[in-house]
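Line order of the protein sequences matches chains A, B, C and D. Mind the numbering: the first sequence is residues 1 to 329 in the UniProt record's numbering, read in order. Mind the numbering: the second sequence is residues 1 to 325 in the UniProt record's numbering, read in order. Mind the numbering: the third sequence is residues 1 to 551 in the UniProt record's numbering, read in order. Mind the numbering: the fourth sequence is residues 1 to 576 in the UniProt record's numbering, read in order. Structure record follows, encoded as structure tokens.
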Amino acid sequence: MTTYLLRRLAGAALVLLALSVLVYALFYVVPGDPAKLACGERCNPAQIAQVRTRLGLEEGVFSQYLHFLQGIFAGRDYSTGTGLVHCDAPCLGLSYQTDQQVTALILERLPATASLALGALVVWLLVGVGTGLLSALRRGGPTERILTVLTLAGTGTPVFILGLLLLMAVCAQLQWLPFPSYVPLGEDPEQWAWNMLLPWTALGLFESAKYARLTRSSVLETLAEDHIRTFRAYGVAERTLVTRHALRGAVPPVIAISAVDLGSMFGGAVLTESLFGIPGLGRTLIEGVRRVDLPVVVGVTLVMGLFVVLAGVLADLLHAAADRRVVLK
Amino acid sequence: MTLVTDAPVPVADLPATGTARQVWRRLRTRPAALASAAVLLLLVLLAAAAPLIAALTGQDPYAYHDDLVDSARGGVPYGPFGGASADHWLGVEPGTGRDLFTRLLYGARISLLVAVGATALQILIGLLVGLAAGLGSRWVDGLLGRATDVLVALPMLVLAIALTAVVPRGFPRPLLLVLVIGLLGWAGTSRIVRAQTLALKNLDFVAAARLAGHGRRRTARRELLPALAAPVLTYAAILVPANIVVEASLSFLGVGVTPPTPSWGQMLSTAQTWFRADPAYVLLPSGFLFVTVLASTVLGDAVRTALDPREASRLRVGTAKETGR
Amino acid sequence: MTPTADRPLVDVRDLTVEFDAADGTVRAVDRLSLTLGAGRSLALVGESGSGKSTVAAALLGLHRGTGARVTGTVLVDGTDPATAPPAALRGLRGGTAAMVFQDPLSALDPHLAIGEQIAGVHRLHHPVSRRAARARAVEVLGRVGIPDAARRARSRPHEFSGGMRQRALLAMALACDPRLIVADEPTTALDVTVQAQILDLLHELRHETGTALLLVTHDVGVAAESADEVLVMRGGREVERGPVARVLTAPAAPYTRRLLDAVPRLDGPARTPAAPAKGELLLEATGLRREFGRGRSAVTAVEDASLTLRAGETLGLVGESGSGKTTLGRMLVRLLDPTGGELRYRGTEIGRLDERGLRPFRRELQLVFQDPASSLNPRRTIGASVADFVPPGGSEARVRARVRDLLDRVGLDPDRYDAYPHEFSGGQRQRVGIARALAAEPRVIVCDEPVSALDVTTQAQVTALLTDLQAELGLGLVFIAHDLAVVRRVSDRVAVMRAGRIVEQGDAAQVYDAPRDPYTRRLLAAVPALDPALAEDRRAHRARHPEPAGT
Amino acid sequence: MRPSSALSRRLAVAATGLVLTTGVAACAGPQEAGDKAGSGTAAGAEPRKGGTLTVLNAEAQSDFDPARLYTSGGGNVPSLVFRTLTTRNREAGAAGTEVVPDLATDTGRPNKDATEWTYTLKEGLKYEDGTPITSADVKYGIERSFAAELSGGAPYLRDWLVGGDTYQGSYKDPKGLASIVTPDPRTIVFKLRKPEGEFPFVATQTQFAPVPKAKDTGAKYEEHPVSSGPYKVVANENDGERLVLERNEHWDPKTDPERKAYPDRIDVRSGLDEAVINQRLATSAGADAAAVTTDTNLGPAELAQLGSDQELAARVGTGRFGFTNYLAFNPKVKPFDNPKVRQAISYAINRTSVVNAAGGSALAEPATTFLPEKKAFGYEPYDHFPAGKTGDPAKAKQLLKEAGFPDGLKVTLLHSTAQNRATSPEIATAVQEALAKAGITVELDGQEPNSFNEKRWSVKDAPGFFLSRWGADWPAGSAFLAPIFDGRQIVTDGSNYNHAQLDDPAVNKEIDEISKLTDLKAAAPRWGALDKKIGAQALDVPLFHPVYKRLVGKSVKNVVISDWTGVLDISQVAVK
């Protein structure tokens with residue numbers, strides 16, 4: 001177990017290092033001059049040069065990268081004009097465009113992304129695993145076919161269409177809910193939940209077809225296993241067989257895929273966040289890319305990498321918990 | 001290497017058979033599979049014959065018809081059903097009056113091409129990485145696993161924009177999309193291949209191949225690849241429609257195909273706001289996309305069942321790059 | 001309805017079971033009738049495909065909903081499992097008749113604690129509290145000889161050994177207080193010593209509770225040990241039926257006789273030993289050792305194994321599962337790297353060569369695998385699989401001719417070159433495996449349990465083939481098996497392995513007739529005898545020298 | 001003038017990276033004089049104080065420092081917090097293009113040649129903390145806007161003030177700018193390098209808002225800028241995505257006749273999807289009934305819906321901001337050096353298709369002149385190369401033949417991939433289709449916005465043919481024409497907007513002459529005449545002027561849309 005954790009830790013460090021190098025390298029070729037953008041459209045060359053110096057862009061890429069690493073481990077100081085601000089380690093730098101500390105920016109936006117991701121997780125687990133179970137129980141029948149078509153419709157519709165349809169139906173046409181605007185959980189848990197309901201649904205539905213199919217097939221596969229025959233031969237009812245025994249077979253793959261999806265969602269579900277106005281990391285990332293805001297892009301990418309790795313570890317642990325035969329090493 | 005990746009994938013239960021004829025015989029008995037195959041075939045044919053059909057119907061997918069749209073009302077087509085008429089069977093595009101039917105067919109060319117091309121690339125990379133991870137040492141395996149993590153976390157948009165900037169002008173945009181989607185979306189495939197390989201390599205017939213004194217590469221090619229075909233092919237059936245949606249999302253983010261070339265994704269992303277004023281404009285590309293998703297899923301399931309009767313119900317689910325959110 | 005004295009507990013008349021298969025209908029059971037009185041025991045004996053398990057399943061109505069067509073009547077304690085309403089059927093299953101399955105690992109839910117599984121089943125048939133059910137589970141686990149049952153009840157199946165799992169399955173049956181136990185190959189996956197313990201336990205429990213037993217087995221020896229009556233089946237039909245002593249000692253049907261003749265016996269004909277030390281010294285292993293895993297979790301599979309093999313000689317390697325015999329065998333052909341020790345092939349040290357260095361020797365050291373199904377690539381024709389092993393250099397036509405030749409040599413139709421493995425029976429596939437090994441023109445063949453997956457009649461044919469080939473080609477043969485009788489039939493010399501070590505090694509006659517190591521003696525004593533009377537004696541002997549459960 | 005704020009339809013972030021302020025020019029669009037102004041919802045009812053006004057926006061107010069904002073007339077939301085020396089007249093229609101006093105008692109007193117402007121502050125002006133506003137604070141506010149930390153504002157101060165070109169800002173150079181003098185706490189004098197008759201327009205920009213030196217926190221000031229206007233910032237979250245303003249008790253309405261400040265509270269929520277904003281305003285349920293947007297126009301799809309819904313149509317405000325979208329030529333690149341080629345393209349263009357691509361006739365008006373159709377700009381109609389409604393391919397072919405391309409021509413058109421209906425693929429495609437009829441094959445070169453802008457704003461790398469757009473920083477001809485056609489404004493190592501790289505001494509001289517006039521009414525016709533004269537050279541092909549149509553919530557009253565901004569003035573809106 002200790003070996004396992006140590007190995008994953010080393011792996012995580014490697015992943016993050018590789019990611020940051022890769023993003024720096026990619027940015028080297030991305031068009032757009034951050035200094036010009038930060039300066040404004042009608043800047044003269046002298047002003048642009050000043051801004052460039054201020055952002056530290058006149059240095060070579062390599063030395064910029066070293067400073068970035070230094071910030072992560074030791075923190076950095078920045079001038080606001082009127083004074084110095086210390087950006088504590090792990091300092092991901094200062095946004096080129098908004099002068100905000102990237103670490104603070106990410107911390108500010110993480111809760112929204114986490115809210116979205118976790119809630120969507122619940123939806124796809126409920127809807128996906130639920131319909132998967134139902135179609136396993138009713139396999140071959142019309143129920144299964146209808147469910148399959150419905151869940152596939154969710155997957156085959158891009159979220160920017162699906163989400164808008166939901167908004168139009170629920171908020172505009174039926175007016176069951178007001179149009180969602182993000183309310184932080186800490187501010188008002190009830191409002192938070194109501195306002196996140198549609199984004200969760202849209203994203204959850206988009207993902208749930210996968211889980212429905214996964215659950216269905218895992219359940220069917222487990223039902224074909226020998227131990228199910230044992231319990232059938234001892235008079236256990238079919239429904240109990242599914243819920244008590246076969247469902248367990250579906251748990252490990254659902255956990256594994258969920259964890260991976262959840263991890264990658266921490267880089268943000270861009271389209272969902274934009275459509276529902278959720279101030280999350282996905283939008284931050286896209287804005288960063290559009291504004292050639294390297295520190296923001298590197299920061300968000302690293303957070304995403306971290307969560308991908310964490311999700312992997314979490315999945316391993318959950319899998320080991322769900323299936324005692326698994327030994328982590 | 002992480003166990004996560006092993007969990008969702010079944011240990012290779014070796015299929016009883018794998019001959020093409022038997023697969024076909026099993027497929028033949030499934031009407032849904034046949035219908036799906038027919039639908040997909042029809043789509044491919046329609047896409048391939050798009051220029052011919054355009055010529056036959058006398059409609060150019062790029063020709064503007066300003067007289068068919070109501071300029072004062074945002075360019076909404078005159079008439080019901082998105083301006084459907086004898087000339088324009090499925091109506092015209094708002095704003096431009098371009099013929100929707102031919103645009104959908106031309107769009108199918110790009111969408112299918114990009115999706116299939118990206119899938120091929122994903123499968124190719126996934127196979128190589130998965131095999132290397134499965135057959136290599138623990139060290140290689142761990143390294144490749146981390147590389148997969150990196151790829152999952154790397155934002156597709158960044159790569160798309162960087163690549164756009166690097167490639168020479170005139171580089172075909174569909175190919176660029178294939179590269180972007182393909183280069184970032186192989187994680188799922190490699191995980192499946194790796195898990196299958198790990199399971200397979202301990203099977204006796206793979207060990208037996210060593211006794212013949214042949215090298216590893218030949219063993220991988222002759223013994224492993226055929227056994228990987230079933231899971232990989234069926235996974236591809238899931239990847240193709242997923243990639244169409246990814247293409248749509250990239251279009252929506254502004255890095256799709258270049259106009260005036262249509263693609264389903266490009267059409268969907270411009271159609272987004274139109275579904276009240278001109279529902280046909282949204283429903284048509286959505287419908288085509290949905291039919292493709294449905295047909296390839298059903299066919300994929302059926303092919304897998306046919307290839308691997310014992311593994312019938314096992315579904316491989318993608319953790320491909322998710323940009324569709 | 002309670003059965004009366006004249007009304008048997010199980011009454012099967014004209015049972016026919018048919019399945020739909022890819023190529024038409026398969027009739028698995030064909031107009032079979034049988035009866036079994038309360039407290040009596042009946043063994044259904046037959047080779048694979050004889051329909052014996054199908055009959056067992058029919059007793060519990062397990063064909064319902066599977067698409068199988070069941071005709072004829074089955075009455076178990078007056079209930080027809082094929083037509084009973086669901087509630088009655090669930091009562092019958094477990095409550096009246098409890099099934100004990102083969103392969104205890106897969107027959108238990110891997111995710112749930114064993115005690116919990118037993119308690120759950122118990123509660124289905126006895127309206128008691130959870131706590132009481134759990135107590136009952138512990139009680140029956142204790143009864144079947146699980147030490148420290150209260151604690152072990154919380155373990156999951158993978159934490160049990162094979163024998164303990166089989167005991168747990170028996171406990172599950174016991175927990176329901178059934179009137180009939182249907183045991184489908186209950187000991188097939190077990191080692192002989194464990195098999196003997198389980199059979200003894202079954203015997204004991206029946207005597208104690210008066211439960212009837214329907215035993216399904218391919219092993220005549222197991223039937224001899226456990227049943228009052230025997231019903232021999234073949235192709236879904238009854239071949240012969242009668243009291244066990246009569247059928248085994250004086251079989252009426254020719255098939256029964258053939259079956260009995262094919263069973264390897266410890267007292268059967270032994271091989272005449274080859275003239276000692278005549279052939280060339282092929283393999284020489286000294287102090288071979290193999291560990292799996294690293295650090296604290298390392299497990300030593302083989303320890304200090306030394307042996308020699310000469311051309312024209314057969315070395316038998318016996319041991320129970322986990323004894324390290326397969327690991328040793330694979331090291332001998334260098335499919336596994338030895339962790340320590342030396343391995344010389346014709347004088348050259350090959351134990352530490354890498355894959356490239358091994359190339360020149362690969363074809364000369366061949367292995368015949370235990371499972372003929374998994375050792376052939378299901379997606380390639382058998383011809384292609386064999387052709388891979390033909391030394392390179394020849395034209396395609398010549399390779400093909402050579403493969404056809406080999407197929408012919410091992411008794412297969414050369415025209416089936418392009419057939420796929422699944423089109424063959426188990427025995428035929430094993431012949432392909434042998435042809436493949438021969439194709440490489442080897443000097444040494446290690447046969448790893450080459451016949452244990454085969455029916456007895458096939459076993460005899462395959463061992464005969466191997467012996468013939470060896471004599472003809474002057475091969476050095478290592479014959480690995482858990483079945484002492486089979487080994488005795490083919491070996492010149494025998495090595496007995498236990499827990500990774502070779503505990504005894506010597507000429508076959510000496511090892512079998514005058515075993516020096518107590519473990520060898522125990523092994524020999526555990527082999528089922530075909531004579532029910534002898535079986536009774538042996539059982540009594542084992543009862544006086546008990547071995548701890550859980551081994 | 002800022003060439004556009006990217007109203008990128010979606011994730012929008014500033015394709016152009018504009019530090020643009022919400023609302024302002026970005027969204028602006030003038031309004032046809034009074035006829036529709038205020039016609040919205042609440043026409044009848046008298047506006048009253050109180051309530052919360054919600055603002056639903058796409059773009060976050062990520063910069064809220066008066067030094068960094070680039071606004072036309074002080075911006076919309078920013079103008080609620082920052083008062084400036086002068087401001088725009090908050091009236092509907094043409095009257096709204098005028099400059100009126102704000103902090104100052106008048107719009108500025110020039111010296112004779114308009115190189116020196118003097119302002120006197122009103123009495124009783126206070127910050128949100130009750131401390132008095134002094135002329136030194138205005139001076140400080142301007143000086144800090146020169147600091148590299150606070151870049152982003154308009155270039156006029158830098159270009160016009162004596163010493164402005166070398167000044168490094170108040171942080172590096174605390175001595176300040178000698179060309180801004182504050183003889184007493186209420187007086188401030190600006191000394192310019194050359195005559196600038198339109199200085200009062202520049203004095204509306206947020207750089208002219210007072211900043212108390214003691215409260216200046218540099219780059220962090222934007223988190224809580226000190227208010228001089230009717231509202232103060234009580235919350236600024238997520239990098240300006242959520243902004244909550246409440247009444248500033250120290251603001252004295254008697255000193256500020258322009259801002260009505262009816263609502264008690266203003267809640268700005270940004271980062272929203274444009275389609276969603278419009279649906280919310282259309283649905284107008286709950287808090288959205290008291291909502292407006294300052295940056296989101298109705299798109300064509302929403303417009304198509306309007307026709308059938310009278311109630312909805314009544315809630316649409318229409319306005320026009322001085323914007324022109326055009327095809328730009330770089331005559332340094334062949335074959336665009338040939339005037340006949342440029343003329344041929346001018347004749348070939350199909351403005352109907354282009355207008356449709358821009359959202360139809362309700363959202364765009366075909367343009368044949370560079371100056372938008374507004375009196376303040378001095379608009380003078382002309383159509384030198386009449387292409388009719390759908391183009392004149394025959395005439396174009398003939399010109400091409402004359403130019404030496406009898407077999408047609410193959411050119412490349414640079415455009416942006418941003419979905420802004422201005423420089424976007426739709427427009428480019430419409431151009432491509434129209435030119436094809438005249439035998440001109442157009443290859444499209446769609447570039448990601450940053451790269452598009454870098455190319456079109458570069459002197460060295462600018463392609464020969466591309467889409468561009470231009471909007472005025474204030475409603476006057478100079479703001480519109482000078483940066484585009486003044487040869488001395490060709491910027492070689494920054495952002496160049498003189499795409500044609502026109503350096504015509506006659507044009508330069510005329511620009512100088514008109515700039516001296518402080519009587520703007522006299523100046524306007526001369527700008528119009530200059531436009532017409534330049535237009536004859538076919539240096540660009542004007543395509544269309546965008547029209548802004550925006551929804552307001554059901555209970556929103558007093559919608560005032562001026563010809564200056566083209567959008568409703570948030571300081572006038574009431575929700576009670």
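Where a beta carbon is used, it is the ideal one built from N, C-alpha and C, also for glycine.
Next on the checklist: Is it buried or exposed, GLN432 (chain D), if we count other Cβ atoms within 10 angstroms and call 16 or more buried?
Outcome noted: Indexing the fourth sequence from 1 puts residue 432 (chain D) at position 432. Buried: at least 16 other Cβ atoms inside 10 Å.
Checklist entry - According to the neighbour-count rule (16 or more other Cβ atoms, all chains shown, within 10 Å of its Cβ), is GLU280 (chain C) buried or exposed? => result For the purposes of this step, residue 280 (chain C) is taken as residue 280 along the third sequence, with counting starting at 1. Only exposed fits GLU280 (chain C), as fewer than 16 other CB atoms lie within 10 angstroms of its CB.
Next on the checklist: Using only CA atoms, which one of C:LEU454, C:ASP513, C:VAL496 and C:PHE479 lies nearest to GLY46 (chain C)?
Outcome noted: The sequence position of residue 46 (chain C) within the third sequence is 46, counting from 1. Of C:LEU454, C:ASP513, C:VAL496 and C:PHE479, the residue nearest in Cα terms is C:LEU454.
Item to check | Residues, ordered as in the chain, of the region 131 to 163 of chain B that lie near chain A by beta-carbon distance below 7 Å | outcome: If the cut-off is 7 Å between Cβ atoms, the region 131 to 163 of chain B has GLY142, ARG146, ASP149, VAL150, VAL152, ALA153, LEU154, PRO155, LEU157, VAL158, LEU159, ILE161 and ALA162 near chain A.
Checklist entry - How many angstroms separate the CA atom of SER296 (chain B) from the CA atom of LEU233 (chain B)? => result Numbered from 1 along the second sequence, position 296 holds the residue referred to as residue 296 (chain B). Numbered from 1 along the second sequence, position 233 holds the residue referred to as residue 233 (chain B). Their backbone Cα atoms lie some 11 Å apart in a straight line.
Item to check | Partner residues on chain C for HIS319 (chain A), Cβ-Cβ distance less than 9 Å | outcome: Start at 1 with the first residue of the first sequence, and residue 319 (chain A) comes out as number 319. Here the premise fails: no neighbours, minimum Cβ distance about 12 Å.
Item to check | Whole-angstrom distance between VAL70 (chain C) and VAL17 (chain C), CA atom to CA atom | outcome: In the third sequence, counting from the first residue as 1, residue 17 (chain C) sits at position 17. In the third sequence, counting from the first residue as 1, residue 70 (chain C) sits at position 70. The alpha-carbon atoms of VAL17 (chain C) and VAL70 (chain C) are separated by roughly 5 Å.
Item to check | Local Cβ density within 10 Å of SER515 (chain D), reported as buried at 16 or more and exposed below that | outcome: Taking the first residue of the fourth sequence as position 1, residue 515 (chain D) is located at position 515. Its Cβ being crowded by 16 or more others within 10 Å, SER515 (chain D) is buried.
Item to check | Any C-beta of chain A under 8 Å from that of ALA14 (chain D) | outcome: One-based indexing of the fourth sequence puts residue 14 (chain D) at position 14. Model confidence at ALA14 (chain D) stands at a pLDDT of 29, short of 50, so the residue's coordinates are unreliable; what they give is reported in the following sentence. At a cut-off of 8 Å, the C-beta of ALA14 (chain D) has a neighbouring C-beta in chain A.
Next on the checklist: Assuming HIS67 (chain A) is part of the alpha helix (DSSP H), what are its boundary residues?
Outcome noted: Sequence index remark: in the first sequence, residue 67 (chain A) carries index 67 (1-based). Counting along the chain, HIS67 (chain A) sits inside the alpha helix (DSSP H) bounded by residues 61 to 74.
Checklist entry - Apart from the five residues just before and just after LEU159 (chain B), which ones in its own chain have a Cβ nearer than 6 Å to its Cβ? => result For the purposes of this step, residue 159 (chain B) is taken as residue 159 along the second sequence, with counting starting at 1. Residues of the same chain with a CB within less than 6 Å of the CB of LEU159 (chain B), apart from the 5 flanking positions on each side, are VAL180 in chain order.
Next on the checklist: My output table needs one value for PRO15 (chain B): the three-state DSSP class, helix, strand or coil.
Outcome noted: The residue you call residue 15 (chain B) lines up with position 15 of the second sequence. Because the pLDDT at PRO15 (chain B) is just 39, under 50, the model does not fix this residue reliably, and the value given afterwards should be weighed accordingly. In the structure shown, PRO15 (chain B) falls within a coil segment according to DSSP collapsed to helix, strand and coil.
Checklist entry - With respect to the beta strand (DSSP E) encompassing LYS191 (chain D), which residues constitute its N-terminal and C-terminal limits? => result Locating residue 191 (chain D) in the fourth sequence gives position 191, counting from the first residue. DSSP places LYS191 (chain D) in the uninterrupted beta strand (DSSP E) bounded by 187 to 191.
Checklist entry - When burial is assigned at 16 or more other CB atoms within 10 Å of the CB, is LYS509 (chain D) buried or exposed? => result As a position in the fourth sequence, residue 509 (chain D) is number 509, starting the count at 1. A residue is called buried once 16 or more other Cβ atoms fall within 10 Å of its Cβ, and LYS509 (chain D), having fewer, is exposed.
Item to check | CB contact check: CYS91 (chain A) to chain D, cutoff 8 Å | outcome: Within the first sequence, residue 91 (chain A) is the residue found at index 91, counting from 1. Output row for CYS91 (chain A): interface = no.
Next on the checklist: Is PHE480 (chain D) close to the ligand MG? I mean its beta-carbon at under 7 Å from any heavy atom of the ligand.
Outcome noted: The model depicted lacks the ligand MG and carries no ligand whatsoever.
Next on the checklist: Strictly below 7 Å CB to CB, what residues from chain A border ARG421 (chain D)?
Outcome noted: Locating residue 421 (chain D) in the fourth sequence gives position 421, counting from the first residue. Contact of ARG421 (chain D) with chain A by beta-carbon distance below 7 Å is absent, the smallest such distance being about 18 Å.
Next on the checklist: If I measure Cβ to Cβ from LEU306 (chain D) and keep anything under 8 Å in the same chain, skipping five residues before and after, which residues do I get?
Outcome noted: By one-based count along the fourth sequence, residue 306 (chain D) stands at place 306. Close CB contacts of LEU306 (chain D) within its chain, under the 8 Å cut and outside five residues either way in sequence, are with LEU298, LEU312, ALA313 and VAL316 (chain order).
Item to check | Spatial distance of LEU124 (chain B) from LEU55 (chain A) (CA atoms) | outcome: As a working mapping, residue 124 (chain B) is identified with position 124 in the second sequence. As a working mapping, residue 55 (chain A) is identified with position 55 in the first sequence. Near 42 Å, if we compare the C-alpha coordinates of LEU55 (chain A) and LEU124 (chain B).
Item to check | Selected residue, minimal CA-CA separation from GLY277 (chain A), among D:PRO195, D:VAL268, D:LEU80 and D:SER284 | outcome: For the purposes of this step, residue 277 (chain A) is taken as the residue at position 277 of the first sequence. When the alpha-carbon of GLY277 (chain A) is set against those of D:PRO195, D:VAL268, D:LEU80 and D:SER284, the nearest one is in D:VAL268.
Checklist entry - What residues from the region 277 to 299 of chain A come within 7 Å of chain D, judged by C-beta to C-beta, listed N to C? => result Of all residues in the region 277 to 299 of chain A, GLY277, PRO279, ARG283, ILE286, GLU287, ARG290, ARG291 and VAL292 have a Cβ within less than 7 Å of some Cβ in chain D.
Checklist entry - When the Cα atoms are used, what is the spatial distance from ASN450 (chain D) to ASN89 (chain D)? => result Position 450 of the fourth sequence, counted from the first residue, corresponds to residue 450 (chain D). Position 89 of the fourth sequence, counted from the first residue, corresponds to residue 89 (chain D). If I take the Cα positions, the gap works out to 35 Å.
Checklist entry - Which residues of chain G have a Cβ atom closer than 9 Å to the Cβ of GLY305 (chain A), listed in chain order? => result The structure shown contains no chain G; the protein chains it does contain are A, B, C and D.
Checklist entry - Could you check where the alpha helix (DSSP H) with ARG398 (chain C) kicks off and where it finishes? => result In the third sequence, counting from the first residue as 1, residue 398 (chain C) sits at position 398. Where ARG398 (chain C) is concerned, the enclosing alpha helix (DSSP H) stretches over 396 to 409.
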